[in-house]
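**Student:**
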Amino acid sequence: MALPINLGNCKVGSNLKTKVATHSAVLLKRKWLSHKSFEIMISSPPGFQFEPGQRVGLSMGGHTRDYSIVSAPQEAELIFCIRSVAGGKLSTLLSVADMGAPVSVYGPHGYFTFRSTTRSAVFVATGTGIAPFCSMTRSGISNFTLLHGVRRQEDLYYANQFQQNAHEYVPCLTAADPLPQKAFKGKVTAYLERHLPSGAYDFYLCGRQEMIRDATLLIDERFPDSLVYTEIFY
Ligand SMILES: Cc1cc2nc3c(=O)[nH]c(=O)nc-3n(C[C@H](O)[C@H](O)[C@H](O)COP(=O)(O)OP(=O)(O)OC[C@H]3O[C@@H](n4cnc5c(N)ncnc54)[C@H](O)[C@@H]3O)c2cc1C
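For reference, each letter of the sequence shown is one residue, going 92 to 325 in this note's numbering.
#1: Out of 229, 244 and 282, which has the shortest C-alpha to C-alpha gap to residue 255?
#2: For ligand 1, is there a heavy atom less than 7 Å away from the beta-carbon of residue 154?
#3: Do you know whose CA, among 234, 194, 227 and 244, lies nearest residue 218's CA?
#4: Would you list the one or two residues that DSSP bridges to residue 239?
#5: Rounded C-beta distance between residue 262 and residue 274? I'm assuming under 8 Å.
#6: In chain order, which continuous runs of the alpha helix (DSSP H) of length 4 or greater are located wholly inside the segment 147-215?
#7: Under the assumption that residue 152 contacts residue 184 (Cβ atoms under 8 Å), give the Cβ distance between them as a whole number of angstroms.
#8: In whole angstroms, give me the CA-to-CA distance for residue 191 and residue 136.
#9: The alpha helix (DSSP H) with residue 286 in it runs from where to where?
#10: Should residue 160 and residue 146 be called a contact, given that it needs their Cβ atoms to be closer than 8 Å?
#11: Assign residue 286 to one of two classes, buried (16 or more other C-beta atoms within 10 Å of its C-beta) or exposed (fewer than that).
#12: Please report the distance separating the alpha-carbon of residue 235 from that of residue 260.
#13: Going straight from the alpha carbon of residue 213 to that of residue 278, what length do you get?
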């Protein structure tokens with residue numbers, strides 16, 4: 092039996108009356124990574140500390156949502172990778188806000204952090220679920236296998252970063268034609284099923300709920316002695 096550990100979304104604090112730290116920041120930069128996703132840089136609030144893989148609550152215009160941090164703790168600013176959701180309140184606001192606009196930052200939160208063990212690490216992301224793995228890589232974590240599931244090649248943001256640091260980096264594209272070199276045509280779960288050698292791994296899954304459900308079921312069946320850590324973007 093694999094052990095699905097849903098540490099990534101533990102609501103630690105909500106029942107424990109733990110005080111959530113609130114910080115003030117400003118929007119410094121925005122860069123579009125594809126036609127649907129963009130990166131924002133905000134000032135790092137004084138004294139703000141986090142571990143690679145953690146998330147924060149970002150708040151603007153009365154809307155607060157969770158976002159995983161892309162940058163590494165040693166970087167001077169905080170960076171996030173955000174998908175512009177049609178009709179989405181905060182993602183739309185962040186996609187058009189003026190530079191210098193105030194942003195409140197709550198946290199950091201979460202336990203989706205890297206634990207070094209003797210087992211090989213397999214990182215699996217869909218879309219902007221790549222964010223925590225960026226932070227881990229920028230912090231010096233290497234020698235992992237990374238599957239990034241996206242529709243098209245333009246959504247493979249941060250590919251250069253992973254090509255340099257991952258033991259194996261496999262873009263999994265569901266709608267690419269022609270297929271870029273060394274990419275897999277299909278979902279990340281299909282790659283796991285067909286190509287990952289049997290064994291015990293530490294799996295880190297981040298992204299949409301459907302992927303995490305399907306991957307966890309598959310891992311339970313195909314890689315039963317593995318550990319699974321999850322961070323669900325819902
Ligand atoms: C732990 C955690 C970490 C997260 N990290 C990130 C991150 O790093 N980057 C990121 O882009 N998002 C991340 N999210 C998602 C983020 O918190 C928001 O849910 C997302 O940005 C939509 O917010 P919104 O205010 O724009 O949309 P809302 O106004 O909240 O939603 C509008 C509608 O869009 C739907 N919707 C929400 N998200 C999506 C989506 N991705 N695709 C299609 N429809 C959607 C909603 O169900 C709703 O019907 C994370 C979520 C969690 C729980």
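Glycine included, C-beta positions come from ideal geometry on N, C-alpha and C.
**Tutor:** Straight from the coordinates:
#1: What you label residue 255 is simply residue 164 of the sequence shown in a count that begins at 1. Checking every option, the nearest Cα to that of residue 255 belongs to 229.
#2: Here the question's residue 154 lines up with position 63 in the sequence shown. Indeed, a heavy atom of ligand 1 lies less than 7 Å from the Cβ.
#3: In the sequence shown, counting from the first residue as 1, residue 218 sits at position 127. If we check each option's Cα against that of residue 218, 244 comes out closest.
#4: Residue numbering aside, residue 239 sits at position 148 when the sequence shown is read from its first letter. BP columns for residue 239 point to 216 and 262.
#5: The residue given as residue 262 occupies position 171 in the sequence shown. The residue given as residue 274 occupies position 183 in the sequence shown. That belief holds up - the Cβ atoms of residue 262 and residue 274 are roughly 4 Å apart, short of 8 Å.
#6: 180-187
#7: Position 61 of the sequence shown, counted from the start, is the residue given in the question as residue 152. Position 93 of the sequence shown, counted from the start, is the residue given in the question as residue 184. Indeed they touch by this definition, with Cβ atoms about 5 Å apart.
#8: Here residue 191 corresponds to residue number 100 of the sequence shown, with the count starting at 1. Here residue 136 corresponds to residue number 45 of the sequence shown, with the count starting at 1. If I take the Cα positions, the gap works out to 14 Å.
#9: Numbered from 1 along the sequence shown, position 195 holds the residue referred to as residue 286. Residues 279-286.
#10: Working through the sequence shown from its first residue, we reach residue 160 at position 69. Working through the sequence shown from its first residue, we reach residue 146 at position 55. Cβ atoms of residue 160 and residue 146: closer than 8 Å.
#11: One-based indexing of the sequence shown puts residue 286 at position 195. By the neighbour-count rule (16 or more Cβ atoms within 10 Å), residue 286 is not buried but exposed.
#12: As a first step, residue 235 is located in the sequence shown; it is residue number 144 there, counting from the start. As a first step, residue 260 is located in the sequence shown; it is residue number 169 there, counting from the start. Going by the C-alpha atoms only, they are around 8 Å apart.
#13: Position 122 of the sequence shown, counted from the start, is the residue given in the question as residue 213. Position 187 of the sequence shown, counted from the start, is the residue given in the question as residue 278. A direct Cα-to-Cα measurement between residue 213 and residue 278 gives close to 15 Å.
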